[in-house]
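*Asks:*
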Amino acid sequence: MKINPSDLGLAARVTGLTKTYGRGDGAVTALDDVSVGMRRGEFTAVIGASGSGKSTLMHVMAGLDTPTSGRAWLGDSELTALGDRELTRARRRGAGFVFQSFNLVPVLDVRANILLPFELDGRRPSRDDLQWIDRLIDSLGLAARAGHRPHELSGGQQQRVAIARALATRPDVIFADEPTGNLDTRTGREVLALLGESSRAHGQSIAMVTHDPVAASHADRIIMLSDGRIAHDGGPLPAGDVSDLMLSVEVAR
Ligand SMILES: Nc1ncnc2c1ncn2[C@@H]1O[C@H](COP(=O)(O)OP(=O)(O)O)[C@@H](O)[C@H]1O
Ligand SMILES: [Mg+2]
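In terms of my numbering, the sequence shown is residues 1212 to 1464.
Structure representation (C-alpha cells):
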C-alpha cells in the first residue's frame, strides 16, 4: 500500500527508522526504531543531549542521508524508495536547510544566494516566486544588502540570508540544525523569532534542532531524543520546563 503523508496532514514522516554507523564492535546506533511525523505548518523543536541522534534524524528526514532500515517520506515522496538522482531532486524540491555555519556561497551576493535553490534545481523562479523572494528580502531587513556578499554581513545577517534561502522555494519542511549556535544571544533570539514567524504567518513547517531551552520554548511541539529513541513528544513548554525535561534524561542516563 502506498501511504501518502499529505493525506494525513504530514509534511514529513519516518517509520521504524534505524541508523547504525560502522560494524561489529565499533557499531554505533544513532537512531533506534524511531517513528515520527511532522505536521504541516508546525514549528517543531528537536532537543536532546549531544550524540542523542538529532542531526542524524534531520539528515535522514531531509534525504541528506539514508537509514539502515525503516522508511522516510518528505511531502508526497517516499525518500527510501528513490534512487540517488530522484532523491537529490526530491530533497531539492521538498527540503530547505539552515545550518549552524550558515553555508552561504562566498562569491555570490545575497540575492544570488537566495535564488540558488532554483538554480540547483535547474528551474527559473516564476513571477510569483520572485515576488515572494522580494517580500522575504524586505521582511528580513535585507533589502539594503541584496547586492552584498556574505563576508560583508554580520553573523545574524548571514543567518537571515540562509533562512530566506530556505524559505525561497516554500519547501515541505525547513530543517534547521542548531541555527543559533554561532550567534550571540540577542541575534539568536531574533533568528528564532523569524523562524517562529515563518511558521505562523506563512504556514511553513519547520524542524529545528537546539540545545537551548529558550529556543525550544518558541516551538509548537517539542520532541526529545535520548540514545537514538524518542523520549518525549508533546506540545509547547516554557523554557524552565524544557530545562527540567532535558535534565531528567541526563540524570536517568
Ligand atoms: N558519520 C558518522 N560516523 C560514525 N558515527 C556517527 C556519524 N555521525 C554521527 N555518529 C554517531 O551517531 C550518534 C548520533 O550523532 P548525531 O546524530 O550527530 O547526534 P546529535 O546531533 O544529537 O549530537 C553519536 O554517537 C555520533 O557519534
Ligand atoms: Mg547534531
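We treat Cβ as the ideally placed atom computed from N, Cα and C, and that holds for glycine.
It should be emphasised that the depicted structure is a prediction, and the values quoted were computed from it without experimental measurement.
1) Any heavy atom of ligand 2 within a distance shorter than 6 Å of the CB on S1266?
2) Please name the residue in G1237, S1312, R1250 and K1230 whose C-alpha comes closest to that of I1433.
3) Go ahead and pull the three-state DSSP assignment for V1460.
4) When the Cα of D1431 is compared with those of L1221, D1244, E1253 and A1223, which residue comes out closest?
5) Nearest by alpha-carbon distance to S1437: which of M1457, R1381, E1389 and I1385 is it?
6) May I have the straight-line CA-CA distance separating D1244 from A1283, to the nearest angstrom?
7) Under a three-way DSSP split, which group does M1212 fall into?
8) Figure out for me which residue from H1362, R1360, P1361 and D1345 has the closest Cα to the Cα of A1354.
9) Flag V1239 as yes when its Cβ comes closer than 6 Å to any non-hydrogen atom of ligand 1, and as no otherwise.
10) With 7 Å as the threshold, decide whether the Cβ of I1258 is near any Cβ in chain B.
11) Roughly how many angstroms separate the alpha carbons of A1292 and L1221, rounded to a whole number?
12) To the nearest angstrom, report how far apart L1327 and R1376 are at their CA atoms.
13) Comparing the CB of S1263 with every heavy atom of ligand 1, is any distance shorter than 6 Å?
14) Please state if the CB of T1229 and the CB of L1242 are separated by a distance shorter than 7 Å.
15) Can you say whether R1302 is buried or exposed, counting buried as having 16 or more other CB atoms within 10 angstroms of its CB?
16) Take the Cβ of D1423 as the centre, count every other Cβ of all protein chains shown within 10 Å, and call the residue buried at 16 or more, exposed below.
17) So which of G1262, T1240 and M1269 has the shortest CA-CA distance to G1248?
18) In the DSSP assignment, find the unbroken alpha helix (DSSP H) run with A1301 in it and report its ends.
19) Around the C-beta of D1349, are 16 or more other C-beta atoms found within 10 angstroms, so that it is buried, or is it exposed?
20) Give the straight-line distance between the Cα atoms of T1380 and V1309, rounded to the nearest whole angstrom.
21) Where DSSP assigns a beta bridge to R1250, which residues make up the other side?
22) State the beta-bridge partners of F1308 as determined by DSSP.
*Replies:* Reading from the atomic positions:
1) yes
2) R1250
3) helix
4) E1253
5) M1457
6) 12 Å
7) For M1212, the predicted model reports a pLDDT of 49, less than 50, meaning its position is unreliable; a value from the coordinates is still stated below. Correct three-state label for M1212: coil.
8) D1345
9) yes
10) Reference to chain B is not applicable here, since this structure consists of a single protein chain.
11) 18 Å
12) 7 Å
13) yes
14) yes
15) buried
16) buried
17) M1269
18) D1295 to G1305
19) exposed
20) 13 Å
21) L1221
22) F1386
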